[in-house]
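Line by line, the protein sequences are chains A and B. Residues 9 to 132 in the working numbering are what the first sequence spells out, letter by letter. Residues 4 to 697 in the working numbering are what the second sequence spells out, letter by letter. Written out below as structure tokens is the structure these notes cover.
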Amino acid sequence: MIEVMKLNRVVASLELPHKITEANNGEEALKVLEQKDRLPDIILLDLNMPKINGIEFLSILKNDERMKYIPTIVLTTSSNQKDLLECYRIGIAGYVLKPLKYEDYTSKLERLLCYWSINELIKV
Amino acid sequence: MIKSQVDIMERALARERAARKEAERILENKSLQLYNTSHELKVSNQKLEELLEERTSQLQGVFENIYDAYVIIDLNGNALKMNNAATELFGYDINKETLNVMNLLHKEDVKYAFDSFQQLTEQGFFTDFTTRIVTRNKGVRWVHINASIIFNRRKMPIGAQGVVRDITDAKYTAELMEQQKKELDVIVENSSLGIILIRDKKIVRTNEAIKKLLGYSEKELIKLTIEDISFKEEMEESKKFLMKIEAGKIDEYTVTKRYKKKSGSVVWARTNVSAVRNGQGKVMFLVAHIEDITAERKSSLIIEMINDVAKSILGKMDIYEIAWEIADNIADYLNTDNCTIYLVDQEQKTLEQIATYSEKVDIKKATFTIGVGVAGTVAKTGKAEIIKNTELEERYVARGANLLSKIAVPIISDGEVIGVIDSEHRKRNYYTKEHQSTLESVAGLVAMQFKSAINLRERQLAESKNKELLDELGKSNEELQEYAHIVSHDLKSPLRSINTLVTWIKEDTKGQLDETSVQNFGLIESTLEKMEMLISDVLMYSSVGTKDEEGQMTDVNALLEDLKQILYVPEHISIEILKPMPTVPGDKVKLQQLFQNLISNAVKFNDKKNGRIEIGFHEEQSFYQFMVKDNGIGIKKEYHDKIFKIFQSLNVSKDSTGVGLSIVKKIVDLYGGNVWVESTFGKGTTFYFTLSKG
Chain A
9 MIEVMKLNRV VASLELPHKI TEANNGEEAL KVLEQKDRLP DIILLDLNMP KINGIEFLSI
69 LKNDERMKYI PTIVLTTSSN QKDLLECYRI GIAGYVLKPL KYEDYTSKLE RLLCYWSINE
129 LIKV
Chain B
4 MIKSQVDIME RALARERAAR KEAERILENK SLQLYNTSHE LKVSNQKLEE LLEERTSQLQ
64 GVFENIYDAY VIIDLNGNAL KMNNAATELF GYDINKETLN VMNLLHKEDV KYAFDSFQQL
124 TEQGFFTDFT TRIVTRNKGV RWVHINASII FNRRKMPIGA QGVVRDITDA KYTAELMEQQ
184 KKELDVIVEN SSLGIILIRD KKIVRTNEAI KKLLGYSEKE LIKLTIEDIS FKEEMEESKK
244 FLMKIEAGKI DEYTVTKRYK KKSGSVVWAR TNVSAVRNGQ GKVMFLVAHI EDITAERKSS
304 LIIEMINDVA KSILGKMDIY EIAWEIADNI ADYLNTDNCT IYLVDQEQKT LEQIATYSEK
364 VDIKKATFTI GVGVAGTVAK TGKAEIIKNT ELEERYVARG ANLLSKIAVP IISDGEVIGV
424 IDSEHRKRNY YTKEHQSTLE SVAGLVAMQF KSAINLRERQ LAESKNKELL DELGKSNEEL
484 QEYAHIVSHD LKSPLRSINT LVTWIKEDTK GQLDETSVQN FGLIESTLEK MEMLISDVLM
544 YSSVGTKDEE GQMTDVNALL EDLKQILYVP EHISIEILKP MPTVPGDKVK LQQLFQNLIS
604 NAVKFNDKKN GRIEIGFHEE QSFYQFMVKD NGIGIKKEYH DKIFKIFQSL NVSKDSTGVG
664 LSIVKKIVDL YGGNVWVEST FGKGTTFYFT LSKG
């Protein structure tokens with residue numbers, strides 16, 4: 009809950025024009041993604057989710073002909089080397105560690121969103 | 004005189020006259036007849052005499068020329084006539100001297116001679132009189148005499164004639180032969196070899212030994228042929244040899260074959276057959292010498308079997324293979340199709356069936372309890388047992404159909420029963436003491452290897468168990484690290500949320516809170532930071548244990564350069580690397596953690612105006628010894644050991660979790676090194692650690 013609020017607040021405070029669709033776990037996220045006409049530009053993925061975990065979810069995404077083009081950035085507290093390697097192996101667009109401090113978080117997200125805003129994205 | 008009387012007289016006279024006349028006439032006739040007869044007689048006598056003379060001379064010629072001695076004696080025994088052979092035989096020449104045959108008699112034969120002579124006079128002849136005589140030159144000769152009485156014309160005995168044959172040589176030869184035959188018989192009868200004389204495939208003579216060996220009497224034997232007491236399949240070989248003998252190619256041969264005893268049992272014998280040929284080389288007899296080698300064969304079978312067992316298990320280490328070889332060889336030796344080898348586990352108190360030689364290959368592998376059943380009893384007592392009749396045995400546990408006798412022998416090593424050899428047979432009373440002692444020999448022979456195979460199996464079991472444990476340990480270690488990551492993640496997330504919320508409250512209430520509250524929020528934040536650090540450090544500590552990839556080398560110079568970038572080093576503190584650092588084996592991340600912890604400690608705990616940190620090393624034969632020296636606050640002696648233990652932070656500091664030095668120690672341990680500290684409280688601290696070169 010707080011994570012979503014945090015993200016929304018960051019987007020709001022930075023006055024960025026992005027729309028955020030939240031999903032509490034992998035299952036929900038897949039449901040959201042079923043609406044093919046409203047696919048997101050980028051996905052921010054936490055690895056530690058109930059039911060389908062982050063890596064499983066990532067695998068599903070990357071095996072889908074359309075969704076595999078959506079840049080997926082892992083946003084997590086886990087600096088586990090194994091997870092990091094596995095994510096890059098499956099295919100991610102970035103791996104960002106959540107810092108403790110809110111200000112650090114804000115600045116990291118701002119830069120992240122700015123970066124992806126200037127990227128050309130593929131719509132399939 | 005009375006007329007009548009005269010008449011009578013006259014008549015009588017007249018009758019007398021007539022009678023005389025008649026008589027004269029008859030007489031005349033008779034005398035004529037007599038004359039004629041005597042004349043005829045005379046003539047025929049003359050003829051006869053002539054004939055006799057002729058014959059006598061003929062006979063004389065014959066007698067004189069016959070090989071045997073011919074003697075004519077008078078009734079007193081004086082020799083009247085002797086032929087040359089007689090002269091030669093007796094040594095007396097009657098033309099020159101007199102000879103009474105009584106003088107020729109051998110002293111010992113005198114009575115016999117007189118009896119025979121008596122017979123001669125009574126019956127007129129004797130035949131086949133065999134006696135000894137003494138010749139003129141005192142030689143003793145055996146003679147054979149046929150004699151008859153000579154009568155004169157008046158049928159009165161006037162002498163005797165006899166044919167005397169010298170049988171000394173013949174008799175000597177016969178005696179010699181008899182003697183030799185007796186000797187031979189003694190040899191033959193007392194021979195330990197069975198001897199059979201065969202003519203035309205029939206048994207014609209046997210000796211005591213063969214009768215004893217086969218259990219037949221001589222009468223029974225001579226009704227049999229060799230084929231009757233042999234096994235068909237073994238006759239082929241003998242027949243081939245016999246054909247060669249017939250053909251004259253060989254004179255003897257030797258085979259090892261079985262014979263059927265009268266009792267039905269079998270005897271193994273080495274048989275030597277020799278041919279006895281006549282002058283033309285034709286086989287007259289076959290002599291077979293038969294030697295009972297059943298015992299020899301048995302013992303050679305035993306030796307062979309024991310040899311086979313020894314050979315077959317040589318070099319084998321697998322308990323099942325060894326057991327199978329033992330079972331196989333023993334079943335063969337015992338001529339049974341049932342032999343089982345049990346492994347005895349004295350700790351579990353069980354017998355495990357590990358090999359079974361039987362027609363049914365897939366008999367279920369059974370496990371018994373020690374003390375149960377016959378094999379179980381043997382496993383318990385260590386004493387071999389023979390069960391003559393399994394039907395009468397209470398302990399017997401039937402495993403196959405109709406197995407009526409059983410033997411079980413323990414395999415003993417160091418006084419402990421480690422296995423049991425078990426065999427069963429369809430016949431009652433099958434197993435003998437000899438079987439038992441043979442199996443015991445085998446058991447003794449295999450015990451050592453059996454034991455080492457058991458040990459090997461146990462070791463392998465233990466090893467695989469160890470490996471399992473290790474795998475499990477590795478897995479649980481891995482799980483533990485995963486767990487550490489998950490836990491740290493789960494712990495960090497709420498920390499972030501709290502931190503975020505605090506930040507928001509601070510933002511949203513800017514200017515509305517008093518200074519104490521603002522300070523307290525600051526404390527919450529720094530506590531959160533410390534908590535975050537603690538979690539990170541614990542996580543790091545737990546990941547130090549993970550294995551590196553083999554053969555990684557790390558250049559310490561590059562590592563320190565990186566660290567200078569990462570670490571926050573205040574202006575007043577200088578870090579000096581005394582000389583170029585070596586390249587050491589080890590994972591870069593871990594070695595960096597090692598240096599990072601030591602250097603950051605040196606930075607953190609420096610109270611001097613001009614903080615100085617020196618990093619150096621020297622090389623030893625098998626390791627490098629590094630040094631991180633500072634001029635900081637120093638550590639009291641009593642804490643020198645304590646500092647390397649986890650959560651033993653000496654200083655209450657916002658930067659210190661108390662995990663850092665434990666991580667250092669853990670990494671140094673991982674690379675087979677040592678870490679220690681030298682310090683003067685208030686003046687500074689030097690950490691030393693070594694890293695192995697390989």
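C-beta atoms are modelled at their ideal positions from N, C-alpha and C, and glycine is treated no differently.
The Cβ atoms of A:K70 and A:E35 lie no closer than 7 Å to each other. Cα atoms of B:S268 and B:G218: separation of roughly 10 Å, rounded to the nearest angstrom.
Annotation for B:N103: G80 and N81 place their beta carbon closer than 6 Å to its own, counting only its chain and skipping 5 residues before and after. In this chain, the beta strand (DSSP E) harbouring B:Y73 covers A72 to D77. Residue nearest to B:V258 within the set B:M246, B:E249, B:S266 and B:M238 is B:M238 (criterion: CA-CA distance). Looking only at B:V445, B:F234, B:I489 and B:I421, the smallest Cα-Cα distance to B:A334 is reached by B:V445. Neighbours of A:K106 in chain B, taken as residues at a C-beta separation under 9 Å, are given in chain order as K495, S496 and R499. In this model, A:K116 and B:Q624 are separated by some 49 Å (Cα to Cα). DSSP assignment within the stretch 265-310 of chain B yields the following whole beta strand (DSSP E) runs of 3 residues or more, N-terminal first: 269-280 and 286-295.
Only those residues of the stretch 9-29 of chain A whose C-beta falls short of 7 Å from the nearest C-beta of chain B are listed: I10 and K14. Per DSSP, the beta-bridge partners of B:W679 are B:Y691. Residue contact check for B:N480 against chain A: no CB pair falls below 7 Å. Here the alpha carbon of A:K27 sits roughly 9 Å from the alpha carbon of A:V19. For B:E622, the enclosing beta strand (DSSP E) covers residues G614 to E622. Around A:S86, the beta-carbon contacts reaching into chain B at under 9 Å are H488, I489, S491, H492 and K495. Contact between B:L304 and B:H438 fails: their C-beta atoms lie close to 11 Å from each other, not under 8 Å. In this structure, B:R280 is the residue among B:T297, B:G284 and B:R280 with its C-alpha nearest to the C-alpha of B:V290. Following the DSSP letters along the chain, one finds B:F524 inside the alpha helix (DSSP H) bounded by residues E518 to V547. For B:V400, the three-state secondary structure derived from DSSP is coil. Under DSSP, B:R144 takes part in a beta bridge, and its partners are B:I136.
For chain B, none of the residues of the stretch 114-130 of chain A brings a beta carbon within less than 7 Å of one of its beta carbons. Chain A has a Cβ within less than 7 Å of the Cβ of B:N502. Of all alpha-carbon atoms in B:G142, B:L123 and B:C342, the one lying nearest the alpha-carbon of B:A163 is that of B:L123. Between the alpha carbons of B:Y345 and B:A326 lies a gap of roughly 8 Å. Taking a beta-carbon distance threshold of 7 Å, A:Y110 counts as an interface residue toward chain B. In this structure, B:E355 sits away from B:T343, with a CB-CB distance that is not shorter than 7 Å. At a C-beta separation below 7 Å, B:E532 has these neighbours in chain A: L108. By the CB criterion at 7 Å, B:T506 and A:Y110 fall inside the cutoff.
An exposed status is given to A:C122, since fewer than 16 other beta-carbon atoms sit within 10 Å of its beta-carbon. In terms of beta-carbon proximity, A:N32 stays away from the interface with chain B, with every pair separated by 7 Å or more.
By the Cβ criterion, the stretch 641-651 of chain B is not in contact with the stretch 609-618 of chain B, since fewer than three pairs of Cβ atoms, one from each stretch, lie closer than 8 Å. Note on B:H575: under 16 other CB atoms within 10 angstroms of its CB, so exposed under the neighbour-count rule. Less than 7 Å divides the Cβ of B:L448 from the Cβ of B:A313.
In this structure, the beta-carbon distance from B:V631 to B:V606 does not fall below 7 Å.
A:N61 is outside the set of residues whose beta carbon lies under 7 Å from a beta carbon in chain B.
In the displayed model, B:V631 falls within a strand according to three-state DSSP.
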